[in-house]
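Residues 679 to 1091 in our numbering are what the sequence shown lists, from first letter to last.
Glycine is no exception: its CB is placed at the ideal position from the N, C-alpha and C atoms.
The model shown is predicted, which means the values in this text are computed figures rather than measured ones.
What follows is a set of notes on a single structure, which appears directly below.
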Amino acid sequence: MTIRHLFKTSLTGLRTNRSRSILTILGIVIGITAIMLVVSLGAGAQNLILGEVQGLGTNTIAIIPGQVSTNPSSGAGALYSDSLKPADVTALENKANVPGLISLMPVVIGADTASYDSNTYQITIFGATDLISSIFNLVPAEGQFFDQSDVDSMSSSIVIGADVANYLFENQDPLNQNINIKGRNFRVVAVLPKSGGGSLFDFDSMVIMPYTTVMTYVTGQKYYNRIITQAVSDAEVPVTAANIKLTLEESHNITDPTKDDFTVETQQSLANTLGTITSALTWFLVAVASIALFVGGVGIMNIMLVSVTERTREIGLRKALGAKDRDILSQFLLEAVLLTVIGGVVGIILGSLLAYLIALILSHFLAINWQFIFPWSGAILGITVSAVIGLVFGGYPARQASKKSPIEALRYE
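Right, dumping it as structure tokens:
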């Protein structure tokens, strides 16, 4: 039997039971659609996160309390959450210790309730210096950021996000108004534009004030939650990061680097870590979605066995006319492969359309900088897995068909 005739015969067999064929491939379609959707959204999320990280500047170096661990049960970070102290900032600002450092920003993070008249709003408090505006590219919609003199004097100047302004002041102009936090009034000096949540930080529901003010009047803490620094250039980042590590180890009297109570993280290392995490999560979800493919494969084997039984007389007639066992085997095996591959193609198209639609909604209606990424790896995986499922789950029914005796098959009623 020629390949052309084999394809023609297999397609005829599938068209004869069109409804059954459509229902048979439904499991494959669902599985491949889920895989395409997960891989595309995973790639989009990874692109968004890495874009935000790289947007902080490739010369940015973050110092985090505790040791960053890949073990979720590790408590190292919580144990040393107060390990970054003002003495560390003093040591880092010494040019003799870290000559490649051009700027440094202690960060204090908290949460509380802000009120204005009878309106209240749950806020995230970000204590920093005016350097935050350049690091995160924050340009106020109105007003201007506080400066270093406000940090030194622990002033009550405050910058508020768009949601904070809308909820507390409604239709009023927030500039130069006072909002109350922890029983103390803070004067609004700037309002940030709506960011839409497309950032590592949700600045819409955040207030920013001098870190000295936060530590003195809000949280009362004597340590920093982060220290963000900048090297003089991208080329100096590795050396500067190494000098920061040595300086802090000396400041903390640490002689064994494995016992560091802090982590020095460059943007490249952070990007690599986040990329690994998002990739691992994406492929884990792909593995979960692949269960639907297994279920679809079992369904194909079941339907093909029923088809073999129903077409017993056809098999007997073809054998009586000279068809060999391998011809019958090839026909039924090809039918199974065609079913799964067609399901794979439909799943790829449907999954891509759904992923594109979600990307469109996120970017246009929720103002998130989300890009649609066609998952070529998912498409190749989908087609390959579909064909393999057809071969694996179609093999047994095809073999059963090829083993039928032509005489018994012709007698079958």
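For the pair residue 880 and residue 873, the Cα-to-Cα distance works out to about 8 Å. C-alpha of residue 835 to C-alpha of residue 847: approximately 17 Å in a straight line. Taking a C-beta distance under 9 Å as the contact criterion, residue 908 and residue 780 qualify as a contact pair.
By the criterion of at least three beta-carbon pairs nearer than 8 Å, the stretch 711 to 728 is in contact with the stretch 1015 to 1033. For residue 826, the uninterrupted alpha helix (DSSP H) segment begins and ends at 826 to 831. Between the C-alpha atoms of residue 1067 and residue 1054 there is a straight-line separation of about 20 Å.
Excluding sequence positions up to five before and after residue 762, its CB lies within less than 7 Å of the CB of 741, 743, 901, 902, 905 and 940, all in the same chain and listed in chain order. If you draw a straight line from the Cα of residue 786 to the Cα of residue 915, it is about 24 Å long. In this structure residue 866 touches residue 838 by the C-beta definition: roughly 6 Å separates them, less than 8 Å.
In the DSSP assignment, residue 764 falls within the unbroken alpha helix (DSSP H) covering 764 to 771. Around the C-beta of residue 1043, fewer than 16 other C-beta atoms lie within 10 Å, and the residue is accordingly described as exposed. Inclusion of residue 778 and residue 921 in the CB contact set at 9 Å is warranted, their separation being smaller than that value. Where residue 863 is concerned, the enclosing beta strand (DSSP E) starts and stops at 862 to 869.
Taking the Cα positions, residue 771 is about 33 Å away from residue 871. Contact annotation: residue 707 and residue 925 have beta-carbon atoms that are not nearer than 9 Å. Residue 813: member of the alpha helix (DSSP H) spanning 810 to 813, first to last residue. In the DSSP assignment, residue 774 falls outside any alpha helix (DSSP H) and carries neither an H nor an E.
Judged by DSSP in its simplified three-state form, residue 788 adopts strand.
Excluding sequence positions up to five before and after residue 721, its CB lies within less than 7 Å of the CB of 1051 and 1053, all in the same chain and listed in chain order. Counting only residues of its own chain and dropping the five nearest sequence neighbours on each side, residue 1060 has a CB closer than 7 Å to the CB of 710, 713, 714, 1022, 1025 and 1026. Taking a contact as a CB-CB distance under 8 Å, the pair residue 796 and residue 857 does not count as one, their CB atoms being some 13 Å apart. Residue 805 is positioned such that its CB atom lies closer than 9 Å to that of residue 896.
The alpha-carbon of residue 892 is positioned some 8 Å away from that of residue 803. Per DSSP, the continuous beta strand (DSSP E) segment holding residue 909 begins and ends at 904 to 909. Residue state for residue 889 is assigned as helix, using DSSP reduced to three classes. The residues 832, in chain order, have a CB closer than 7 Å to that of residue 894 in the same chain once the five nearest residues on each side in sequence are set aside. Contact between residue 1015 and residue 1065 holds: their C-beta atoms lie close to 6 Å from each other, under 8 Å. Rounded to the nearest whole angstrom, the CA to CA distance from residue 859 to residue 945 is 33 Å.
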